[in-house]
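Trainee: Chains as they are written, first to last, in our numbering: chain A, 12 to 164; chain B, 12 to 164.
Right, I'll just put the structure down here and ask away after.
There are 2 protein chains.
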Amino acid sequence: MISKKTKYGLKALIYLARQYEQGPILIADLARDENIPKKFLEAILLALKNSGILQSRKGKGGGYYLGRSPRQITMGQAIRVMEGPLAPVPCVSESAYAKCTECGNENTCGIRLVMKDVRDAIAQILDNTTLADVLERIDHAEQSEKNVIDFCI
Amino acid sequence: MISKKTKYGLKALIYLARQYEQGPILIADLARDENIPKKFLEAILLALKNSGILQSRKGKGGGYYLGRSPRQITMGQAIRVMEGPLAPVPCVSESAYAKCTECGNENTCGIRLVMKDVRDAIAQILDNTTLADVLERIDHAEQSEKNVIDFCI
DNA sequence: TTAAAATCTATCAAATCTGTAGACTAACCA
DNA sequence: TGGTTAGTCTACAGATTTGATAGATTTTAA
Numbered sequence: 012m013i014s015k016k017t018k019y020g021l022k023a024l025i026y027l028a029r030q031y032e033q034g035p036i037l038i039a040d041l042a043r044d045e046n047i048p049k050k051f052l053e054a055i056l057l058a059l060k061n062s063g064i065l066q067s068r069k070g071k072g073g074g075y076y077l078g079r080s081p082r083q084i085t086m087g088q089a090i091r092v093m094e095g096p097l098a099p100v101p102c103v104s105e106s107a108y109a110k111c112t113e114c115g116n117e118n119t120c121g122i123r124l125v126m127k128d129v130r131d132a133i134a135q136i137l138d139n140t141t142l143a144d145v146l147e148r149i150d151h152a153e154q155s156e157k158n159v160i161d162f163c164i
Numbered sequence: 012m013i014s015k016k017t018k019y020g021l022k023a024l025i026y027l028a029r030q031y032e033q034g035p036i037l038i039a040d041l042a043r044d045e046n047i048p049k050k051f052l053e054a055i056l057l058a059l060k061n062s063g064i065l066q067s068r069k070g071k072g073g074g075y076y077l078g079r080s081p082r083q084i085t086m087g088q089a090i091r092v093m094e095g096p097l098a099p100v101p102c103v104s105e106s107a108y109a110k111c112t113e114c115g116n117e118n119t120c121g122i123r124l125v126m127k128d129v130r131d132a133i134a135q136i137l138d139n140t141t142l143a144d145v146l147e148r149i150d151h152a153e154q155s156e157k158n159v160i161d162f163c164i
C-alpha cells in the first residue's frame with residue numbers, strides 16, 4: 012500500500028499538470044483545493060523539487076510548477092521520489108539495488124525470481140504512464156460518467 | 012517493499028513445500044535452517060495456519076506442514092496473509108476493498124485508474140505462481156548455475 | 001523596505017515492524 | 001498417571017516509519 016505522502020504528492024503533480032505553463036501555483040492553494048495538510052505538503056513538494064520533477068520561485072508571485080512537460084514526467088519517477096524503489100525486494104531494484112541480507116545465493120533464490128517478474132510488471136506500467144496520460148484518462152473517465160448521467164436523464 | 016515477516020513466511024513455505032508429505036516439521040528446525048528468529052517465526056506460522064495454508068500438530072512428533080499440495084498454494088494467497096492486500100491503494104483491492112478517505116469520485120480518480128492496472132499486473136503474477144512453480148524455478152536456476160560452474164572448469 | 005512565499009530546523013504523537021519472555025495447552029509415551 | 005515435547009496465547013518493548021505541526025529564516029517582487 013502506498014503512503015499518504017505518495018498519494019498527496021501524486022495529487023499535487025496532477026493538479027500542477029492541469030495548470031502547466033500557467034505560472035507558479037501557491038502551496039496554500041494546492042493544499043486547500045486537494046485537502047492536504049499544508050506543512051506536510053511543503054515537505055513533499057520540496058522533495059519533488061530536489062529530484063528535479065518540480066521547480067519553484069520564492070517571494071511574491073512565487074510558487075511551484077512542473078520542471079518539464081507533463082508528457083515527460085512519469086508516475087514511476089514521481090513514486091520513486093516519495094515511496095522509494097518500485098521493487099518488492101531490494102535485490103531486484105533497478106534504481107536502488109541492494110543485496111538482501113537474509114538471502115544466500117541470489118541466482119537461485121525463489122523469492123527473488125518471482126519478485127523480479129513483479130517488479131518488471133509494475134515498472135512496465137508506471138514508467139510508461141506520464142502525467143499527460145493520467146490527465147487524458149481522467150478526462151475520458153469524466154466524459155464516460157457524464158454520458159451515463161445523460162443517459163439516466 | 013515487502014517486510015521481513017513476509018520474506019520469513021515465504022521462506023518457510025518453500026521449505027515446507029520441499030518436504031511435502033514427509034510429516035510435520037519442527038519450528039525449531041525451520042528457524043535454524045533458514046536463519047529466522049524462532050519466536051517471530053512462531054507467530055508467522057500461526058497466522059498461516061489460521062488462514063488455512065498450513066496445518067499443525069502439537070506434542071511429540073508434532074510440527075507444521077502444508078495444508079494442501081504445493082500446486083494449490085499460490086504466492087498471492089501467502090503474501091496476502093502476511094503483508095495484506097496486493098493492491099497499492101485500498102480502493103482497487105479485490106480481497107479487501109475499502110474506500111480511499113481522500114478520494115472524491117472513485118470513477119474519475121486518476122491515481123485509482125493507474126493503480127488498478129498495477130494491482131491487476133501484480134495479482135496476475137502472484138495468483139498464478141504456486142509453491143510448486145517456485146520449487147521448479149529454483150531447481151532450474153540451480154541447474155543453470157551448476158552448468159556455468161562446469162563450463163568454467 | 002515591506003510583504004509574500006518558499007525553505008529549513010526541530011519536534012512530536014501514533015502506528016507499525018521486529019523481536020523477546022513466559023505461561024498455557026494439547027499430544028504422545030512410558 | 002506423569003513427564004516430556006511442541007505448538008499456542010498474552011504481553012511487552014525497542015526501533016523505525018508515518019503523518020503532522022510550529023516557528024525561524026531566506027529569497028524575491030513591488
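All C-beta atoms in this analysis are idealised placements derived from N, C-alpha and C, irrespective of residue type, glycine included.
Remember, it's a predicted structure, so these values are computed and weren't measured experimentally.
Would you decide whether residue 88/B is buried or exposed? Buried here means 16 or more other CB atoms lie within 10 Å of its CB.
Mentor: Residue mapping note: residue 88/B aligns to position 77 of the second sequence, counting from 1. It counts as buried.
Trainee: For the alpha helix (DSSP H) that residue 115/A lies in, which residues bound it at each end?
Mentor: As a working note, residue 115/A is residue 104 in the first sequence. Where residue 115/A is concerned, there is no enclosing alpha helix (DSSP H), given that its DSSP letter is neither H nor E.
Trainee: Residue 77/A bridges to which residues according to DSSP?
Mentor: Translated into the one-based positions of the first sequence, residue 77/A becomes position 66. Its beta-bridge partners are 65/A.
Trainee: Does the segment 41 to 57 of chain B come close enough to the segment 12 to 29 of chain B that 3 or more CB-CB pairs lie under 8 Å?
Mentor: As far as the Cβ criterion goes, the segment 12 to 29 of chain B touches the segment 41 to 57 of chain B, which means the pair count is three or higher.
Trainee: In chain order, what residues of the segment 106 to 134 of chain B put their CB closer than 7 Å to some CB of chain A?
Mentor: Those would be 113, 118, 119, 121, 122, 124, 125, 128, 129, 132 and 133, in chain order.
Trainee: Closer than 7 Å, CB to CB, is residue 21/B near chain A or not?
Mentor: Sequence index remark: in the second sequence, residue 21/B carries index 10 (1-based). Yes, residue 21/B lies at the interface with chain A (some Cβ there is under 7 Å from its Cβ).
Trainee: How big is the Cα-Cα spacing for residue 62/B and residue 23/A?
Mentor: Mapped onto the second sequence, residue 62/B falls at position 51. Mapped onto the first sequence, residue 23/A falls at position 12. Distance between the alpha carbons of residue 62/B and residue 23/A: 39 Å.
Trainee: For residue 84/B, does the three-state DSSP call read helix, strand or coil?
Mentor: Indexing the second sequence from 1 puts residue 84/B at position 73. Here residue 84/B sits in coil by DSSP.
Trainee: Could you give the C-beta distance for residue 3/B and residue 158/A, rounded to a whole number, given that I count them as a contact under 8 Å?
Mentor: This structure cannot speak to residue 3/B, because chain B is shown only from 12 to 164.
Trainee: Report the three-state DSSP secondary structure of residue 36/A (helix, strand or coil).
Mentor: To locate residue 36/A, count along the first sequence from 1; it is residue 25. Residue state, collapsed to three classes: strand.
Trainee: How far does the alpha helix (DSSP H) with residue 155/A in it reach, from first residue to last?
Mentor: On the first sequence, residue 155/A is found 144 positions in, with the first residue counted as 1. Segment 142 to 163, the alpha helix (DSSP H) holding residue 155/A.
Trainee: In whole angstroms, give me the CA-to-CA distance for residue 91/B and residue 53/A.
Mentor: The residue you call residue 91/B lines up with position 80 of the second sequence. The residue you call residue 53/A lines up with position 42 of the first sequence. Cα to Cα, residue 91/B sits roughly 34 Å from residue 53/A.
Trainee: Just the Cα atoms here: how many angstroms apart are residue 103/B and residue 152/A?
Mentor: What you label residue 103/B is simply residue 92 of the second sequence in a count that begins at 1. What you label residue 152/A is simply residue 141 of the first sequence in a count that begins at 1. Rounded to the nearest angstrom, the two C-alpha atoms are 16 Å apart.
Trainee: Could you confirm whether any beta carbon from chain B is found closer than 7 Å to the beta carbon of residue 53/A?
Mentor: Against the first sequence, residue 53/A aligns to sequence position 42. It does not; no Cβ of chain B falls within 7 Å.
Trainee: Any beta carbon from chain A within less than 7 Å of residue 93/B's own beta carbon?
Mentor: Translated into the one-based positions of the second sequence, residue 93/B becomes position 82. Not closer than 7 Å to any Cβ of chain A, the Cβ of residue 93/B fails to qualify, so no.
Trainee: Using a C-beta to C-beta distance shorter than 8 Å, which residues of chain B count as neighbours of residue 100/A?
Mentor: Locating residue 100/A in the first sequence gives position 89, where the first residue counts as 1. Within 8 Å Cβ-Cβ: 12, 13 and 18.
Trainee: Using beta-carbon positions only, say whether residue 79/A and residue 141/A come within less than 7 Å of one another.
Mentor: Taking the first sequence and counting its residues from 1, the one referred to as residue 79/A is at position 68. Taking the first sequence and counting its residues from 1, the one referred to as residue 141/A is at position 130. For residue 79/A and residue 141/A, no; Cβs fall outside 7 Å.
Trainee: Below 7 Å CB to CB, which residues in the same chain sit around residue 56/B once its five sequence neighbours on both sides are set aside?
Mentor: Taking the second sequence and counting its residues from 1, the one referred to as residue 56/B is at position 45. Counting only Cβ-Cβ distances below 7 Å, and skipping sequence neighbours, we find 23, 38, 65 and 75.
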